[in-house]
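Protein chains: 2
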Amino acid sequence: MTGIYQNSFKGKKVMITGGLGFIGSTLAYRLVDLGAEVLLVDSLIPEYGGNIFNICGIEDKVKINIADVRDEHGMNYLVQGQDYIFNLAGTLSHIDSMRDPYTDLEINCRSQLSILESCRKYNPDVKILFAGTRGQYGKADYLPVDEKHAMHPTDVNGINNMAGEWYHILYNNVYGIRATSLRLTNTYGPRHQMKHPRQGIINWFIRQAIDGELIKIFGDGKQVRDANYVDDVVEAFLLAAVSDKTNGEVFNLGGEPASLEDLVKQIIEITGKGRYELISFPEESKKIEIGDYVADYTKIKKTLEWEPKVSLKEGLKKTIDYYEENKQHYWKTGEVL
Amino acid sequence: MTGIYQNSFKGKKVMITGGLGFIGSTLAYRLVDLGAEVLLVDSLIPEYGGNIFNICGIEDKVKINIADVRDEHGMNYLVQGQDYIFNLAGTLSHIDSMRDPYTDLEINCRSQLSILESCRKYNPDVKILFAGTRGQYGKADYLPVDEKHAMHPTDVNGINNMAGEWYHILYNNVYGIRATSLRLTNTYGPRHQMKHPRQGIINWFIRQAIDGELIKIFGDGKQVRDANYVDDVVEAFLLAAVSDKTNGEVFNLGGEPASLEDLVKQIIEITGKGRYELISFPEESKKIEIGDYVADYTKIKKTLEWEPKVSLKEGLKKTIDYYEENKQHYWKTGEVL
Numbered sequence: 076m077t078g079i080y081q082n083s084f085k086g087k088k089v090m091i092t093g094g095l096g097f098i099g100s101t102l103a104y105r106l107v108d109l110g111a112e113v114l115l116v117d118s119l120i121p122e123y124g125g126n127i128f129n130i131c132g133i134e135d136k137v138k139i140n141i142a143d144v145r146d147e148h149g150m151n152y153l154v155q156g157q158d159y160i161f162n163l164a165g166t167l168s169h170i171d172s173m174r175d176p177y178t179d180l181e182i183n184c185r186s187q188l189s190i191l192e193s194c195r196k197y198n199p200d201v202k203i204l205f206a207g208t209r210g211q212y213g214k215a216d217y218l219p220v221d222e223k224h225a226m227h228p229t230d231v232n233g234i235n236n237m238a239g240e241w242y243h244i245l246y247n248n249v250y251g252i253r254a255t256s257l258r259l260t261n262t263y264g265p266r267h268q269m270k271h272p273r274q275g276i277i278n279w280f281i282r283q284a285i286d287g288e289l290i291k292i293f294g295d296g297k298q299v300r301d302a303n304y305v306d307d308v309v310e311a312f313l314l315a316a317v318s319d320k321t322n323g324e325v326f327n328l329g330g331e332p333a334s335l336e337d338l339v340k341q342i343i344e345i346t347g348k349g350r351y352e353l354i355s356f357p358e359e360s361k362k363i364e365i366g367d368y369v370a371d372y373t374k375i376k377k378t379l380e381w382e383p384k385v386s387l388k389e390g391l392k393k394t395i396d397y398y399e400e401n402k403q404h405y406w407k408t409g410e411v412l
Numbered sequence: 076m077t078g079i080y081q082n083s084f085k086g087k088k089v090m091i092t093g094g095l096g097f098i099g100s101t102l103a104y105r106l107v108d109l110g111a112e113v114l115l116v117d118s119l120i121p122e123y124g125g126n127i128f129n130i131c132g133i134e135d136k137v138k139i140n141i142a143d144v145r146d147e148h149g150m151n152y153l154v155q156g157q158d159y160i161f162n163l164a165g166t167l168s169h170i171d172s173m174r175d176p177y178t179d180l181e182i183n184c185r186s187q188l189s190i191l192e193s194c195r196k197y198n199p200d201v202k203i204l205f206a207g208t209r210g211q212y213g214k215a216d217y218l219p220v221d222e223k224h225a226m227h228p229t230d231v232n233g234i235n236n237m238a239g240e241w242y243h244i245l246y247n248n249v250y251g252i253r254a255t256s257l258r259l260t261n262t263y264g265p266r267h268q269m270k271h272p273r274q275g276i277i278n279w280f281i282r283q284a285i286d287g288e289l290i291k292i293f294g295d296g297k298q299v300r301d302a303n304y305v306d307d308v309v310e311a312f313l314l315a316a317v318s319d320k321t322n323g324e325v326f327n328l329g330g331e332p333a334s335l336e337d338l339v340k341q342i343i344e345i346t347g348k349g350r351y352e353l354i355s356f357p358e359e360s361k362k363i364e365i366g367d368y369v370a371d372y373t374k375i376k377k378t379l380e381w382e383p384k385v386s387l388k389e390g391l392k393k394t395i396d397y398y399e400e401n402k403q404h405y406w407k408t409g410e411v412l
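As given, the protein sequences belong to chains A and B, one line each in that order. For the first sequence, my numbering gives the first residue as 76, with consecutive numbering after it. For the second sequence, my numbering gives the first residue as 76, with consecutive numbering after it.
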């Protein structure tokens, strides 16, 4: 697949917001390999995903600019001259967005608008890739969920991401600023933050297993999620970036479906540690729980020939190996932010 | 129809945001009649819809509080003890939202969230009625447009209204704060602001005809809009307020479809003044133009037995009579804000 964009990024200026985070840093490795001039913009807010260790090994091959996407003036400067922007900064927490809806709005809604305004004024020729989320759909009316599925998010984060995504499509349609949104599902893998469980349950299960803890699954454990390994997600972003067929379009990504209980069983088997129990939903989580979710990724498969390549078993193994080796850079046993 | 809610508002405390505006003030007359204690909250921002003349005749029967919905602390106080909130404050201009997307975001997105947060903290038993817009749908995939139609707004205002509406539905579902959204189409009638054309084209045509001006219709004049007379819209809000079947639901309103050219011809005939010409779309408008739009209002018809009662001819006549008599309170000939 790499052939398609092998030379597309060589010498190109690429900015990644949320660049020290999970997907951003994984993308940075690939882009450095492909010969791009990479600028990583990250706020390093402690509870979010940024971690300087994430770029260990390429720190001298990228530029780092610590800045918050809420800083309009900073963005006005930073977007200039970029060929591509991977706009990945954003909060992902369902629970946090309910506890503090304003911060979620500032980051996921207002900042997206301001990045687009910066591009309109200072770099209308850029191509922007936005990271949407399955949270925009809310509880599925049918499975698998395709892009035509109605959006009825069950939390503030889903609503703000929906708006954030549509600003991108709007600026594509009205101002010709080429933009594409990929709606991510349960992405997991190395370099995800591991300090709290509020941004991705698969990685959290892995931390608990590595620490030999009791993993608590809410509900009956039968809830299905489609796990997407981070390398597959990064591949989708690269493919979408270089194709003009993606301009103004949204695409679901998707992965291998598994029940939460199955996921946990596999994690325990691979680590050889941990155990689990099923407990009833806490009140706060129950009301925003979405039930089963599986994405239909036919559209991106047809358009870009993308499909997930890494099996769940293989992805879990790689992820667990990474954290067994680098745990000290990601969490302290017993400490939850 | 009035029978259904005849006694529902008697002695009830009702707050209307945007209460000095077009729909808000029309609603205020009805609620005063029905024996409610009415509190009108309005910012009186000059370009928006608020006009103190709008409540001429009931000024001693309502309370007025000049405040901006962006004022969180003010809202925390004002929502307390209200039985109903008709949450009508908001900008409606497609063009303005593109010129100044941040203000649109603050008013239509952030303020909605803050009103809901105020209710969650200080008045969770209230019922809130939100005014959504056909702009949320964008260009129609099919006609008539029902509530299941995908939302793909063509301007920032539509995106922010989409988010504003979903905050309401979310707070209904998660926190039990009863909320309903009515998605308005082309509402027209007395008490609409007439200072500029950016918030409703039908009323603007009426002003031009009354002033004997040349009315310019963009495009071929064949674009269909469904005109909804304000009294019908107010009736829908009252019906939706008192029914528990509407909690957490969104409903389209709709009216009598007509092409813009037909509308203008009727207006010219009734006023006996004005003339029109067809001109090509200005660049700024072309990109956010939505083509034909007709709402399917079957859902509210089935649920609340609501349907528009005032014919286009009758509604235009009433509107024109009102402005012929009260023009001096609404605009100065030749002056456009």
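Every residue gets a Cβ at the ideal spot worked out from N, C-alpha and C, and that includes glycine.
| Item | Value |
| --- | --- |
| Closer than 8 Å at the beta carbon, the chain B residues around A:Val-385 | Going along chain B, no residue has its Cβ under 8 Å from A:Val-385, so there is no contact; the nearest lies around 32 Å. |
| Burial state of A:Leu-410 (16 or more Cβ within 10 Å) | In the sequence as displayed, the identity of residue 410 of chain A is Glu instead of Leu. Label assigned to A:Glu-410: exposed. |
| Buried versus exposed call for A:Leu-180 [16 or more other C-beta atoms within 10 Å across all chains shown] | buried |
| Buried or exposed (CB count within 10 angstroms, at least 16 for buried), B:Ser-193 | buried |
| Residues bridged to B:Glu-352 [DSSP beta-bridge criterion] | B:Lys-291 |
| Host alpha helix (DSSP H) of A:Pro-176 (start-end) | 176-180 |
| Distance between A:Asp-337 and A:Thr-422 (C-alpha atoms, nearest Å) | A question about residue 422 of chain A goes unanswered here, because the residues of chain A that appear run from 76 up to 412. |
| For B:Asn-248, the nearest candidate out of A:Glu-324, A:Gly-329 and A:Val-231 (CA to CA) | A:Val-231 |
| Separation of A:Gly-366 from A:Ala-333, as counted between CA atoms | 13 Å |
| Buried versus exposed call for A:Pro-228 [16 or more other C-beta atoms within 10 Å across all chains shown] | buried |
| Own chain residues within Cβ distance below 6 Å of B:Gln-211, not counting five before or after | Met-226, Pro-228, Gly-233, Asn-236 and Met-237 |
| Residue-chain proximity (A:Pro-219, chain B), Cβ-Cβ < 8 Å | no |
| Buried or exposed (CB count within 10 angstroms, at least 16 for buried), A:Ser-355 | exposed |
| Spatial distance of B:Arg-253 from B:Gln-187 (CA atoms) | 14 Å |
| Best match in B:Ile-395, B:Lys-320, B:Pro-176 and B:Asn-303 for proximity to B:Ile-98 [C-alpha to C-alpha] | B:Asn-303 |
| Opposing strand residues paired with B:Thr-92 [DSSP bridges] | B:Val-116 and B:Asn-162 |
| Assigned secondary structure, B:Ser-386 (DSSP; H/G/I helix, E/B strand, else coil) | coil |
| C-beta atoms of B:Ala-142 and B:Leu-153 nearer than 8 Å | yes |
| Residue span of the beta strand (DSSP E) that contains B:Ser-334, given as start and end | 331-334 |
| Simplified DSSP state of B:Thr-321, which is helix, strand or coil | helix |
| Under 7 Å by beta carbon: chain B residues contacting A:Ile-363 | Val-249 |
| Proximity of A:Leu-115 and A:Phe-84 at Cβ, strictly below 8 Å | no |
| Test item: CB-CB of A:Val-201 and A:Gly-264 under 8 Å | no |
| Nonlocal neighbours in the same chain, by C-beta distance under 8 Å from B:Tyr-398, ignoring five residues either side | Pro-265, Met-269, Ile-281, Arg-282, Ile-285 and Tyr-405 |
| Residue span of the beta strand (DSSP E) that contains B:Tyr-304, given as start and end | 299-304 |
| Beta-carbon proximity check, A:Asn-327 vs A:Tyr-368, cutoff 8 Å | no |
| Boundaries (first-last residue) of the alpha helix (DSSP H) holding B:Ala-111 | Looking at the DSSP string, B:Ala-111 is not in any alpha helix (DSSP H), and its letter there is neither H nor E. |
| Where A:Ser-360 falls, given that 16 or more other Cβ within 10 Å makes a residue buried | exposed |
| A:Tyr-263 - containing beta strand (DSSP E), residue span | 261-263 |
| Residue nearest to B:Ile-363 in terms of C-alpha spacing, selected from A:Ile-244, A:Glu-364 and A:Asn-401 | A:Ile-244 |
| Amino acids of chain B, ordered along the chain, whose beta-carbon sits closer than 7 Å to that of A:Arg-185 | Leu-180 |
| Outcome for A:Gly-86 when other beta-carbon atoms lying within 10 angstroms are tallied against a minimum of 16 | exposed |
| Other residues of its chain near A:Leu-289: CB distance less than 8 Å, five sequence neighbours each side excluded | Gln-283, Gly-349, Arg-350, Tyr-351 and Glu-352 |
| Reduced DSSP category for A:Gly-239 - H, G, I as helix; E, B as strand; rest coil | helix |
| Where A:Thr-408 falls, given that 16 or more other Cβ within 10 Å makes a residue buried | exposed |
| One or two residues paired with B:Gly-213 in a DSSP bridge | B:His-227 |
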